[in-house]
Amino acid sequence: MNFVGSTMIALEGGRLFGLDYQLLLDAAITAVNVFLLFLFLSYVLINPVRNMLQKRQDKVTSDRETAQAEKSEAIALKQEYEEKLKTADKEAEAILSDARRTAMHSSAKIVDEAKEEAARIIARANTEAELEKQKAADDVKQQIIAVASVMAAKLVARSIDDSENNALIEETLNEMGEKTWLS
Numbered sequence: 096m097n098f099v100g101s102t103m104i105a106l107e108g109g110r111l112f113g114l115d116y117q118l119l120l121d122a123a124i125t126a127v128n129v130f131l132l133f134l135f136l137s138y139v140l141i142n143p144v145r146n147m148l149q150k151r152q153d154k155v156t157s158d159r160e161t162a163q164a165e166k167s168e169a170i171a172l173k174q175e176y177e178e179k180l181k182t183a184d185k186e187a188e189a190i191l192s193d194a195r196r197t198a199m200h201s202s203a204k205i206v207d208e209a210k211e212e213a214a215r216i217i218a219r220a221n222t223e224a225e226l227e228k229q230k231a232a233d234d235v236k237q238q239i240i241a242v243a244s245v246m247a248a249k250l251v252a253r254s255i256d257d258s259e260n261n262a263l264i265e266e267t268l269n270e271m272g273e274k275t276w277l278s
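Numbering follows the working numbering, with no gaps: position 93 of the sequence shown is 188.
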């Protein structure tokens, strides 16, 4: 029998849809089976998926909160580091300023010491020059004394008059040389 034939049979009895106890029992068993299948699948599939989604949502929420906390901490650290950099720059500038002052003080001290040393050297050189000059003057005096002694000895040896005396002085001077008297 085909579908059209069975529909006809149902129409012959006068009912389009026959509700008998077997059909109701089968429908009730099917409904209970569907309900049990739903419960089983929700326990096996839906609840784990729901739990996984809840865990994921909790993780995303905690990650977001952690990220916000870390961002706040990073901003605070950034401000702290910027302040430390400013402080470090100020300290570096202070250190450089102190170093410059110390260097200028040291250079001034070195220049003063060099000037004092130069003054001492000049004073010593002047003293030595004065001593050499005095020594030269003493040598000249000694030579003059020697010349005078020689002249006196010649004068005594020759008792002569003034013209001879002048000639004798000229002769003695020529013997000693003009360079002695010029220096």
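The beta-carbon is built from N, C-alpha and C at its ideal position, and this holds for glycine as well.
Coarse secondary structure for residue i, derived from DSSP in three states
i	result
leucine 268	helix
aspartate 184	helix
aspartate 256	coil
threonine 102	At threonine 102 the pLDDT is 45, less than 50, meaning the model places this residue with poor confidence; the figure from the coordinates comes in the next sentence. Correct three-state label for threonine 102: helix.
Span of the alpha helix (DSSP H), counted from its first residue to its last, around residue i
i	result
aspartate 127	Looking at the sequence itself, residue 127 is valine, so the reference to aspartate does not match. Start and end: 116–136.
Rounded C-alpha distance that separates residue i from residue j
i	j	result
arginine 219	valine 235	24 Å
methionine 271	lysine 249	15 Å
leucine 95	alanine 189	With the chain represented from 96 up to 278, any question about residue 95 goes unanswered, as that position is not in the structure.
threonine 197	alanine 183	21 Å
alanine 171	leucine 134	52 Å
glutamate 178	serine 157	31 Å
aspartate 121	tyrosine 138	25 Å
glutamate 259	alanine 214	55 Å
arginine 151	valine 144	10 Å
isoleucine 216	glutamate 208	12 Å
alanine 123	asparagine 146	32 Å
threonine 102	leucine 132	With a pLDDT of only 45 at threonine 102, under 50, the local geometry of the prediction cannot be trusted, and the value read off the model is given with reservation. If you take the alpha carbons of threonine 102 and leucine 132, they lie about 32 Å apart.
glutamine 237	valine 245	12 Å
valine 242	alanine 232	15 Å
Buried or exposed by the 16-neighbour rule on C-beta atoms within 10 Å, applied to residue i
i	result
phenylalanine 98	In this prediction, phenylalanine 98 scores a pLDDT of 47, lower than 50, which makes its location untrustworthy; the coordinate-derived value is nonetheless stated afterwards. Burial call: exposed.
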